[in-house]
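Respectively, the protein sequence lines represent chains F and P.
The opening position of the first sequence corresponds to residue 13 in my numbering, with each subsequent residue numbered one higher.
The opening position of the second sequence corresponds to residue 13 in my numbering, with each subsequent residue numbered one higher.
First the structure, in the form of structure tokens, and then the observations on it.
2 protein chains.
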Amino acid sequence: MTRAEAHYSTAELPTELFKALGDLTRLRILSLLLHAPMRVCVCEMVHALQLPQYQISRQLAVLKRVKLVDAEKSGTWVYHGLDAEHYALNRLAPALRELLQGEPFDRDRARLDRRLSMRDGDRCVVGFVDNISIPENAQQ
Amino acid sequence: MTRAEAHYSTAELPTELFKALGDLTRLRILSLLLHAPMRVCVCEMVHALQLPQYQISRQLAVLKRVKLVDAEKSGTWVYHGLDAEHYALNRLAPALRELLQGEPFDRDRARLDRRLSMRDGDRCVVGFVDNISIPENAQQ
DNA sequence: GTATTACATGCACTTCTATGCATATATTAT
DNA sequence: ATAATATATGCATAGAAGTGCATGTAATAC
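This is the structure in structure tokens:
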């Protein structure tokens, strides 16, 4: 089973894949994961994307359904990353990196970088911060 | 205006693009156009995809809205082709060619090839044929 | 045990999208 | 002019998908 995944026909696979890409929040999440050098937990994405936690969780569920994203649990934290074995994703990744430029993608990735710098080693230790106190050039 | 198109924000562009790709009929149309060495008219697509004419026209309208496809009119015939200048499409085309394999894409392209062989020069002269009488290995 | 925190999801609602049918438009032929 | 043909689209309906809120689950800390 290299390209075809369980219960999907050959034709459904690319269709469902592109459907999953057809949403701004999900593209923003993918932009983060294509950029980050490690897995990212939900609260870090909430911080980077400035969206409610349930939005991130829900769109992550969609991305997991089409196997673009997988997760590793560590305590109450869940670290999400791209499925390195995903055939189509590996084909599309270079184009995605090029297309997911400009706003809001650039600003999202900048916020993620600052947030990741708050880690203790490779672990998120911050959780949800309501009023984010990391200096950022508050331009809109 | 290289990458950004009129009335679309930077972020909407890739989102709308992938939304347009997230439909099997539209992917089948794109598979035809990525394969064919020339523009293809609607009745030829109807023949190749075995779908009602209004379906082809409607999905073509969606593809035209995101500028993936453009059209040239010649009499009552309208020849559709990929927009050779489309930045994202050119990035995605190699991956698309790889992903749009298997059924029904292969069979669609085979039917298109037979149908295109019925042209008079570079012109479609057949129109709609209700019961297509081109021999095909009828393996459903 | 209880409390807290990180994350996931059920529900109600709304909005978008697809589909089928019928019909409109436009061009050619007569 | 009418007829015929290729293509496009309006309309009604059905189903899918997005959104916000509240709540559920699971792990840790005490």
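Ideal placement from N, C-alpha and C gives every residue a C-beta, glycine not left out.
Suppose the cutoff is 8 Å on Cβ atoms and the five residues either side in sequence are ignored; what does the same chain contact list for Leu80 of chain P look like? As a first step, residue 80 of chain P must be located in the second sequence, where it is residue number 68. Within the same chain, and ignoring the five residues on either side of Leu80 of chain P in sequence, the residues whose Cβ sits closer than 8 Å to its Cβ are Leu29, Ala32, Leu42, Leu94, Asp95, His98 and Leu101.
Amino acids of chain P, ordered along the chain, whose beta-carbon sits closer than 7 Å to that of Pro26 of chain F: For the purposes of this step, residue 26 of chain F is taken as residue 14 along the first sequence, with counting starting at 1. For a Cβ distance threshold of 7 Å, residue set Leu39, Leu111 and Leu112 of chain P lies close to Pro26 of chain F, ordered along the chain.
How about Leu33 of chain P: is its C-beta nearer than 8 Å to some C-beta of chain F? Position 21 of the second sequence, counted from the first residue, corresponds to residue 33 of chain P. Closer than 8 Å to the CB of Leu33 of chain P there is at least one CB belonging to chain F.
For Pro106 of chain F and His47 of chain F, I'd like the C-alpha separation in whole angstroms. Working through the first sequence from its first residue, we reach residue 106 of chain F at position 94. Working through the first sequence from its first residue, we reach residue 47 of chain F at position 35. Rounded to whole angstroms, Pro106 of chain F to His47 of chain F spans 11 Å at the Cα level.
Can you list, in chain order, the residues of its chain whose CB lies under 8 Å from that of Gln65 of chain F, leaving out five sequence neighbours each side? Within the first sequence, the letter at position 53 stands for residue 65 of chain F. Excluding positions up to five away in sequence, the list reads Val54, Cys55, Val58 and Phe140.
So which residues on chain P does Leu36 of chain F lean against when the C-beta distance must stay under 9 Å? By one-based count along the first sequence, residue 36 of chain F stands at place 24. Residues of chain P passing the Cβ test: Ala23, Glu24, Pro26 and Thr27.
If you draw a straight line from the C-alpha of Leu61 of chain F to the C-alpha of Gly34 of chain P, how long is it? Within the first sequence, numbered from 1, the residue matching residue 61 of chain F stands at position 49. Within the second sequence, numbered from 1, the residue matching residue 34 of chain P stands at position 22. Each residue's Cα considered, the two are about 24 Å apart.
With burial defined as no fewer than 16 other Cβ atoms inside 10 Å of the residue's Cβ, what is the status of Pro49 of chain F: buried or exposed? Start at 1 with the first residue of the first sequence, and residue 49 of chain F comes out as number 37. Under a 10 Å Cβ-count criterion, Pro49 of chain F is classified as exposed, with fewer than 16 other Cβ atoms of the shown protein chains found around its own Cβ.
Just to confirm, is the Cβ distance from Arg38 of chain P to Leu75 of chain P under 8 Å? Working through the second sequence from its first residue, we reach residue 38 of chain P at position 26. Working through the second sequence from its first residue, we reach residue 75 of chain P at position 63. Contact: yes.
Using beta carbons (cut-off 8 Å, strictly below), is Ala100 of chain P in contact with chain F? Working through the second sequence from its first residue, we reach residue 100 of chain P at position 88. So yes, Ala100 of chain P belongs to the interface.
Residues near Pro116 of chain P by beta carbon distance below 7 Å, same chain, minus five either side: Within the second sequence, the letter at position 104 stands for residue 116 of chain P. Beyond the five residues adjoining it in sequence on each side, Pro116 of chain P comes within less than 7 Å, by CB distance, of Arg40 in the same chain, given in chain order.
Going by C-alpha to C-alpha distance, which of P:Asp134, P:Arg70 and P:Arg121 sits closest to Ser86 of chain P? Numbered from its first residue, the second sequence carries residue 86 of chain P at position 74. Of all alpha-carbon atoms in P:Asp134, P:Arg70 and P:Arg121, the one lying nearest the alpha-carbon of Ser86 of chain P is that of P:Asp134.
So, using beta-carbon positions, are Glu84 of chain P and Arg103 of chain F closer together than 8 Å? Counted from its first residue, the second sequence places residue 84 of chain P at position 72. Counted from its first residue, the first sequence places residue 103 of chain F at position 91. Pairing Glu84 of chain P with Arg103 of chain F gives a Cβ-Cβ distance that is not under 8 Å.
Under 7 Å: does the beta carbon of Arg123 of chain F sit that close to some heavy atom of the ligand NAP? Absent from the structure shown: the ligand NAP. Ligands present: none.
Own chain partners of Leu124 of chain P with C-beta closer than 8 Å, once the 5 adjacent residues on each side are dropped: Residue numbering aside, residue 124 of chain P sits at position 112 when the second sequence is read from its first letter. Listed in chain order, the non-local C-beta contacts of Leu124 of chain P below 8 Å within the same chain comprise Leu44, His47, Ala48, Val52, Glu56, Met57, His59 and Ala60, local neighbours out to five positions each way being set aside.
Bridge partners of Tyr91 of chain P, per DSSP? Taking the second sequence and counting its residues from 1, one reaches residue 91 of chain P at position 79. In DSSP, Tyr91 of chain P forms a bridge with P:Cys53 and P:Glu84.
Take Leu25 of chain F as the anchor and find which of P:Arg127, P:Leu128, P:Leu112 and P:Val138 has the nearest alpha-carbon. Against the first sequence, residue 25 of chain F aligns to sequence position 13. For Leu25 of chain F, the closest C-alpha among the options P:Arg127, P:Leu128, P:Leu112 and P:Val138 is that of P:Leu112.
Determine which residues share a DSSP beta bridge with Arg135 of chain F and list them. Walking along the first sequence from the start, residue 135 of chain F turns up at place 123. Looking at the DSSP assignment, Arg135 of chain F forms a beta bridge with F:Asp132.
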